[in-house]
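Heads up, the final residue of the sequence shown is numbered 447 in my numbering, and it's a clean run with no missing numbers.
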Amino acid sequence: MSGGIIFYGDPHGEWRPLLRACREERPEAVVILGDCDLDRPLSQEVAPIAEAGIPVRWIHGNHDIDRPEWHDNLWGDRPGWNLHATAATFGGRVVVGLGGVFNKMVWDVRAQDAQLSFLTRRDMLKATPPSQRWRGGLPLRARDAIFLEDIEKLQQFHADILVTHEAPSSHRHGYSDIDEAAKACRAKLVVHGHHHENYEGVIPDTDVQVRGLARATVFRLR
């Protein structure tokens, strides 16, 4: 059997289920939902998939900045595979990505006033002393952050599927701000990771379906 898109829940260094699924059937694409925990470049971990001509895309998770090498083995390997705040079309379906999490350094969505410290990365960089910058840019501990500018950017897309690391409010630990991201790009389905839980749901007061994925779990959408 072939076709469709494979979404892969947070690998955390475990790639065997994904590689096996792609051997058994040839999907139109693979989308990885963050927290890769890469001890070597992503392209090496998924080499059999890429060599088979199957497109690979990824969004980042909060653990992808835990170590500088994990960061580099993701962002520094195949930047064209990064789906964050952009879109790709597979089999006639438009897939949009929103990587990262709500980092209190940037956007404390649990605060009573949902405090936004910075609207954009440029704003944060201007406010960051040179001694606190990492490689001349944002601090490493801020590289997992969702900024308001990311959600605003989604408005330019008309998506079928939104992939996120954070969960929408269909999950007990999710956020209505992810609901707003789905509305911004007009997605019909949200697929997310982060909480290591397989479930199906709906964003409240909408007809947007939600699929949460457990750790190293394959979800086939045909």
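The beta-carbon is built from N, C-alpha and C at its ideal position, and this holds for glycine as well.
Remember, predicted model here, so these are calculated numbers, not experimental data.
Residue i to residue j span [Cα, whole Å]
i: H237; j: H288; result: 8 Å
i: D260; j: H419; result: 8 Å
i: P355; j: L363; result: 10 Å
i: F372; j: R248; result: 37 Å
i: V292; j: L267; result: Note that residue 292 is Arg in the sequence shown here, rather than Val. C-alpha separation (whole angstroms): 15 Å.
i: K351; j: I290; result: 21 Å
i: A246; j: G301; result: 26 Å
i: A275; j: R241; result: 15 Å
Residue i (DSSP reduced to helix, strand or coil)
i: N307; result: strand
i: W359; result: strand
i: R347; result: helix
i: W332; result: strand
i: E250; result: coil
i: P242; result: helix
i: L263; result: coil
i: H288; result: helix
Beta-carbon spacing of residue i, residue j below 9 Å
i: L446; j: V415; result: no
i: V319; j: F382; result: yes
i: A310; j: K378; result: yes
i: E253; j: G228; result: yes
i: S344; j: A406; result: The amino acid at residue 344 is misidentified as Ser; the sequence shows Leu. Not closer than 9 Å, so no.
i: L244; j: P280; result: no
i: A312; j: V321; result: yes
i: V443; j: A412; result: no
i: I230; j: G305; result: no
i: R366; j: N307; result: no
i: D404; j: I428; result: yes
i: D333; j: Q340; result: yes
CA nearest to the CA of residue i, picked from the options
i: E270; options: P252, N298, A246, I290; result: N298
i: R303; options: W283, E250, S342, D291; result: W283
i: T353; options: R335, Q340, D369, M330; result: M330
i: D385; options: W359, C410, D430; result: C410
Proximal residues to residue i (C-beta, below 7 Å), its chain only, five neighbours per side dropped
i: E422; result: G437, A439
i: L263; result: E270, W295, N298, L299
i: R265; result: N298
Sequence-distant residues of the same chain with beta carbon closer than 6 Å to residue i, five excluded per side
i: G426; result: S395, V435
i: G399; result: A392, P393
i: Y424; result: G437
Nonlocal neighbours in the same chain, by C-beta distance under 8 Å from residue i, ignoring five residues either side
i: R346; result: L363, F372, E374
i: G286; result: D235, L258, G259, D260, C261, G324, G325, V326, D369, H390, G418, H419
i: Q357; result: P364
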